[in-house]
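Enquirer: Provided herewith is a single structure, encoded as structure tokens, for subsequent inquiry.
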Amino acid sequence: MTTYIFRFFIFWYICGLILISFDLLPPWLEWANSVFLITAGIIAGIYFSKMYGLWKGTSYSLFIIFFSIYVEHLGVKYNFLFGSYAYTENFGLKIGETPFTIGFAWLLIIGCSHELARMISSGLHGINKAIVFLFTGALSAVTMDLILDPVSYKVKEYWIWLDPGVYYDIPFSNFFGWFILAAFFHIIFLLWGPEKPAEAGQWPRRMSLVFGLIIGMFIIIAFTGKLYFAITLVSLMTAGWYVLYFWRKKHVSTSS
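Per my numbering, the very first residue in the sequence shown carries number 1400; after that it's consecutive.
Following this line, the structure appears as structure tokens:
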């Protein structure tokens, strides 16, 4: 069943990529974005459940969804953590002023960044492992936001920034907030999660693939908005993360 869900995600992704690449997405089909985000979040939830057991994986996933929605609510209402911003009607069904789908978006981001951090920190021990895991997880999440935010603001207008900033008019507080919240979720995992992951079949590979797929989709959209600096920056950073990921993966498999 879970494999079919992943296949559906890939199918939906390919359809979306074609529609976006050739500018064929009609306004009445904007709801498909919400379906995509929810499905992507579910993929991350399945990944956590396969890696760490149904109870722990599901509980951790639900915590990410609801806590991130709450933090985003504080951000919209009180300018907490990220800066001053507001969501438009283009991002799907809202709970108050906060889109429900934002929780699934955060679950997707933490799932991708967790897999990178897990592998890159593998083979290390003690405090060194925890530090590398936290910083890798938080920084790879910020890497995703460096392309997600400019596209969502400048091209798709999912939200509007009310504070000025040097990076496509996005304030630095946003990226700092992303780092803090992503690090918080990874700290919660360290306090709550098991020491060793279970045999999860293809799901680690799938989650590492999703990291690149999501960034790749937003890079394509970024071309339509001529966001060339973001495209170059995030492409280089993503390549760096994959080099580290597969280098550590090869090293761990060789030494085991």
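Every residue gets a Cβ at the ideal spot worked out from N, C-alpha and C, and that includes glycine.
Cβ atoms of TRP1411 and ALA1431: under 9 Å apart, would you say?
Expert: The count along the sequence shown starts at 1 and reaches residue 1431 at position 32. The count along the sequence shown starts at 1 and reaches residue 1411 at position 12. Yes, they are a contact pair.
Enquirer: Going by other Cβ atoms of all chains shown within 10 Å of its Cβ, with 16 needed for buried, is MET1450 buried or exposed?
Expert: One-based indexing of the sequence shown puts residue 1450 at position 51. It is buried - the Cβ of MET1450 has at least 16 other Cβ atoms within 10 Å.
Enquirer: Applying the 10 Å Cβ sphere with the 16-neighbour rule, what's the burial state of SER1652?
Expert: Start at 1 with the first residue of the sequence shown, and residue 1652 comes out as number 253. Exposed.
Enquirer: Do the region 1487-1497 and the region 1620-1638 make contact, defined as three or more Cβ pairs closer than 8 Å?
Expert: Contact between the region 1487-1497 and the region 1620-1638 is absent, because fewer than three Cβ pairs lie under 8 Å.
Enquirer: List in chain order: all unbroken alpha helix (DSSP H) runs of 4+ residues lying wholly within the region 1418-1503.
Expert: Those alpha helix (DSSP H) runs which fall completely within the region 1418-1503 and span 4+ residues are 1430-1451 and 1453-1477.
Enquirer: How would you label ILE1613, buried or exposed, when you count the other beta carbons within 10 angstroms and need 16 or more for buried?
Expert: Here residue 1613 refers to the residue found at position 214 of the sequence shown. By the 10 Å Cβ count, ILE1613 comes out buried.
Enquirer: For ILE1350, report the span of its beta strand (DSSP E) as first-last.
Expert: A query on residue 1350 cannot be resolved here, the shown segment of the chain reaching from 1400 to 1655 and no further.
Enquirer: Quick one: grab the DSSP three-state call for TYR1566.
Expert: Within the sequence shown, numbered from 1, the residue matching residue 1566 stands at position 167. Note: TYR1566 maps to strand in three-state DSSP.
Enquirer: Beta-carbon within less than 6 Å of GLY1522's beta-carbon, same chain only, minus the 5 sequence neighbours each way: which residues are those?
Expert: As a working mapping, residue 1522 is identified with position 123 in the sequence shown. VAL1651.
Enquirer: Which whole-angstrom value describes the C-beta separation of TRP1640 and TYR1446, a residue pair presumed to lie in contact below a C-beta threshold of 8 Å?
Expert: For the purposes of this step, residue 1640 is taken as residue 241 along the sequence shown, with counting starting at 1. For the purposes of this step, residue 1446 is taken as residue 47 along the sequence shown, with counting starting at 1. In fact, because the Cβ distance is near 17 Å, the residues do not count as touching under 8 Å.
Enquirer: Give the DSSP-derived three-state secondary structure of LYS1595 in the structure shown.
Expert: Position 196 of the sequence shown holds residue 1595. Looking at LYS1595 - three-state DSSP - the assignment turns out to be coil, as it is neither helix nor strand.
Enquirer: Looking only at its chain, what residues have a beta carbon closer than 6 Å to the beta carbon of ILE1559, apart from the 5 residues adjacent to it on each side?
Expert: By one-based count along the sequence shown, residue 1559 stands at place 160. Closer than 6 Å at Cβ, skipping near neighbours: ALA1485.
Enquirer: Which residues in the same chain have their Cβ closer than 6 Å to the Cβ of SER1460, if we skip the five residues on either side of it in sequence?
Expert: Numbered from its first residue, the sequence shown carries residue 1460 at position 61. Cβ neighbours of SER1460 beyond the five flanking positions: GLY1444, PHE1447 and LEU1506.
Enquirer: Between which two residues does the alpha helix (DSSP H) holding VAL1531 run?
Expert: In the sequence shown, counting from the first residue as 1, residue 1531 sits at position 132. Unbroken alpha helix (DSSP H) run through VAL1531: 1525-1549.
Enquirer: For LEU1589, does the three-state DSSP call read helix, strand or coil?
Expert: As a first step, residue 1589 must be located in the sequence shown, where it is residue number 190. Helix.
Enquirer: Rounded to whole angstroms, what is the Cα-Cα separation between THR1542 and MET1400?
Expert: Taking the sequence shown and counting its residues from 1, one reaches residue 1542 at position 143. Taking the sequence shown and counting its residues from 1, one reaches residue 1400 at position 1. Approximately 31 Å, taken between the alpha carbons.
Enquirer: Between the Cα of ILE1419 and those of MET1616, LEU1643 and VAL1642, spot the shortest distance and give me the residue it belongs to.
Expert: Here residue 1419 refers to the residue found at position 20 of the sequence shown. Among MET1616, LEU1643 and VAL1642, the Cα nearest to that of ILE1419 is on MET1616.
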